[in-house]
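All remarks here apply to the structure that follows.
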Amino acid sequence: MPILYLVLDFIYPRNCIHCGVSMPEPLRYMCWDCLADLSMVEPPFCACCGDPVAGDVQHNFVCFSCSREKPHFDAARSATRYDGAVGEALRALKYESGIWTVPDLVELLYACVQAEYLNVSFDWITAVPLYSVRRRARGYNQSALLASALARRMRIPIKERRIRRIRPTVSQTGLTAPQRAANVSNAFRVGVFSRFQGDRVLLVDDVMTTGATVNACAGALKKGGAASVHVVTVARG
Ligand SMILES: [Zn+2]
Ligand SMILES: [Zn+2]
């Protein structure tokens with residue numbers, strides 16, 4: 397158990413992040429009841445982007461947006477909807493230095509990868525990078541923390557600096573789908589010395605909404621030589 401977590405456990409009294417019940421287990425901040433209450437992303441969803449649809453769809457289908465323009469990623473899946481205990485944990489992670497939420501969140505990522513990408517092999521994991529200035533301001537990249545924890549859980553390598561965000565982008569919140577795509581287009585680039593011909597990559601982010609960010613990132617990874625890019629995010633906005 398990392399010492400940092402032990403220290404954090406000491407500083408923060410361990411209570412469920414959502415309902416406040418006292419947590420018996422170390423490093424855990426989501427109780428069984430709140431986990432059971434999570435709205436998991438369940439089929440039917442688009443075979444490509446994983447966007448869920450309402451209704452009784454039995455067959456394999458690709459949504460309108462993916463059939464109009466095939467995304468750069470091969471598939472994208474998310475564990476839960478962006479609400480309940482997960483919404484609170486992700487907000488704490490992003491805005492309140494809540495790195496103590498990582499062990500709970502990584503279990504959701506791991507379960508999602510196990511369920512959705514059972515037949516896919518990965519050479520390495522990477523995370524959607526932050527622009528350098530923003531990363532310095534926050535002190536960490538929340539997606540990279542999730543990606544490292546997932547890499548340890550899956551026992552595959554993490555390669556963090558293969559891809560860079562080369563210009564600042566405004567927050568995607570409140571933008572329309574076309575604005576989001578324009579905001580992140582050409583925002584990512586693979587380093588000159590990090591070509592990776594034929595590698596199968598698992599790309600991690602905290603939240604996916606329209607998929608514009610992970611798509612731009614997957615495009616850069618493919619340009620760098622990735623044979624496949626599968627995306628996994630904790631939540632679907
Ligand atoms: Zn709870
Ligand atoms: Zn789709």
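Throughout the sequence shown, residue numbering follows the working numbering, covering 397 to 633 in sequence.
Just so you know, even glycine gets a beta-carbon here, dropped at the ideal spot from N, CA and C.
All values reported here derive from a predicted model rather than from experimental measurement.
The set of residues with a C-beta under 6 angstroms from any non-hydrogen atom of ligand 1 comprises Cys412, His414, Cys415, Val417, Cys427, Asp429 and Cys430, given in chain order. Three or more Cβ pairs closer than 8 angstroms define a contact, and the stretch 466–481 meets that threshold against the stretch 430–445. For Leu546, the enclosing alpha helix (DSSP H) stretches over residues Gln538 to Met550.
Classified as exposed, Trp428 has fewer than 16 neighbouring CB atoms from the shown chains inside 10 Å of its CB.
Minimum Cα-Cα distance from Pro439 among the listed residues Pro564, Cys613, Glu556 and Glu512 corresponds to Glu512. Placement of the Cβ of Ser474 at a distance of 7 angstroms or more from every heavy atom of ligand 2 is found. Of all C-beta pairs linking the stretch 531–544 to the stretch 574–593, fewer than three are shorter than 8 angstroms, placing the two stretches out of contact. Around the beta carbon of Leu400, fewer than 16 other beta carbons lie within 10 angstroms, which makes this residue exposed. Residue pairing of Thr522 in beta bridges, as defined by DSSP: Leu599. Residue Ile407 holds the alpha-carbon nearest to the alpha-carbon of Gly494 among Val600, Leu514 and Ile407. Put simply, the backbone Cα of His455 is about 18 angstroms away from that of Ser461.
Under the three-state reduction of DSSP, Ile413 is assigned to coil, being neither helix nor strand.
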